[in-house]
Structures are given as C-alpha cells and as structure tokens.
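Report on one structure; see the data block that follows.
Residue numbers (our numbering): -17 to 234.
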C-alpha cells in the first residue's frame, strides 16, 4: 500500500513537471496577445482618424471632379455663345439678339408680375411719363429699379419712339451695375434692332467695354475695330475712348 502511494505521488509529480513548460508557454502567449491587443487599442484612434481623413479627401476629390466637369460644360457654352456673338456682329446670321446669360426658361406671366411687384416698379400708363419715371431711377443710381423700369417699358411699349433710348439706357444701367453679361446682350440687341441709330458708335463702345470686363479681350477688340471702321467720323470723345480701351487690352 505504501509503495502504491509513492507511485501515485511520483506519477503526479512527473505530470506536473511535464506540463509546466507548456503552461508557461501558454501564459507567455496570452500575455503577448494581451500586449498586442493593448497596442492595437492604443493605436486605433489614430487609425480611425486616418480613415476619416482619407474619407474626407476622397469626398473632396469627388467634389472637385464634379466642379471641373461643371466648369468645362460652362466653358463650352460660353464659347458657343461668343461664336454666336461674332456671327451676329458680322451679319452672318438672321437670328435674334444673342442671350449671353444662357438659355432662359419658359416665361410665366404670373411670375413676371410678381418679380415686377417685388422690384417696387409700377410704370405710369403714359409712355413718356413711364420713360421719365425709369430715367429718374438712373439719375439717382438706383440701378436695380432702373433696370426693372426700363425692361418693363420695353415690354409695355415695344413700338414707342423712345424704345431705342430705353434699350440703350437699359444697357448703360446694366454696365453701371457691373452686370456685364446682361449689358453685352442688351447692346447687341440694340445694334441689331437699330443699325442706323445716332447712338450706334456709343453702343459699339459700350459693347466692347462689356466684353473687356468679361475678360473676353478678343471679342472686345473685334467690336472696337468694327466701331472704328463703321463710324470713322464718330464723336471725338467716343473715338478717343475707343483708343484708350483698345490700348488697355492690347488690341493689335
């Protein structure tokens, strides 16, 4: 019996001795894994922050790509519009006035009435009084109302003798308000509608000025050269101003 007990004790001791290295190795692995997890937990905020930055950058790239595509489309439209302007000035097309602002939507009479009401403009029924009413806004440099009033005059009294003056004044108002695209469109319409107007040379000068302000120097130079060839005896002030503008944008 005593010998049996010794055998069991010896066997247990041997078993403990045999398994001790494995246990120690397992414990070391667990500690190593815990250390790795702790390291990952410590670095995870930075990783998350990096991922967030990458997401933001990808979003910015997508936004910039969309903007480039939009600008490319707008540039193509602008080139097409400028080609139409050149053809119109050269008399190569019978098309109506060129709208440099781009294609307009369908006109809604009710919406137009609201817009006019919002501008605070109500024309008198008498055409001469209506023209004087619009001119008063120009004198006081109230360009927004002057533009609305002259536009409304042209819509209401398109065949009136003052319509040419109203369109010319409308272009001047738009130019003074730095609405250069609208001004260019208005002066093109004036030149085509009233080719024999006494203000023709001035209209070309102001049209060229509008193009110059739009950084369309090539088109501006074409307009100024047309002015000088078509109106060689224009008022000295107009010709001098034309020379100044041509020199400023280096017309050849």
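Where is the CB? At the ideal position from N, CA and C, for every residue including glycine.
Remember, predicted model here, so these are calculated numbers, not experimental data.
Check	Outcome
8 Å Cβ shell around residue 188 - same chain, five flanking residues per side excluded	153, 154, 157, 165, 169
Distance between residue 231 and residue 216 (C-alpha atoms, nearest Å)	21 Å
Range of the contiguous alpha helix (DSSP H) that encloses residue 205	199 to 212
Exposure label - residue 234; buried when at least 16 CB within 10 Å	exposed
For residue 185, the first and last residue of its enclosing alpha helix (DSSP H)	182 to 195
Distance, residue 193 Cα to residue 186 Cα	11 Å
Span of the alpha helix (DSSP H), counted from its first residue to its last, around residue 267	Any answer about residue 267 is impossible in this case: the structure gives the chain only from -17 up to 234.
Three-way DSSP call (helix, strand, coil) for residue 153 in this model	helix
Delimiting residues of the alpha helix (DSSP H) encompassing residue 223	218 to 230
Pairwise C-alpha distance: residue 203 and residue 229	10 Å
Nearest to residue 140 (by Cα), restricted to the options 160, 112, 124	112
Alpha-carbon spacing of residue 227 relative to residue 105, whole angstroms	36 Å
Between the CA atoms of residue 159 and residue 123 - distance to the nearest angstrom	9 Å
Alpha carbon of residue 119 to alpha carbon of residue 212, nearest angstrom	33 Å
For residue 104, the three-state DSSP class (helix, strand or coil)	coil
Whole-angstrom distance between residue 150 and residue 224, CA atom to CA atom	18 Å
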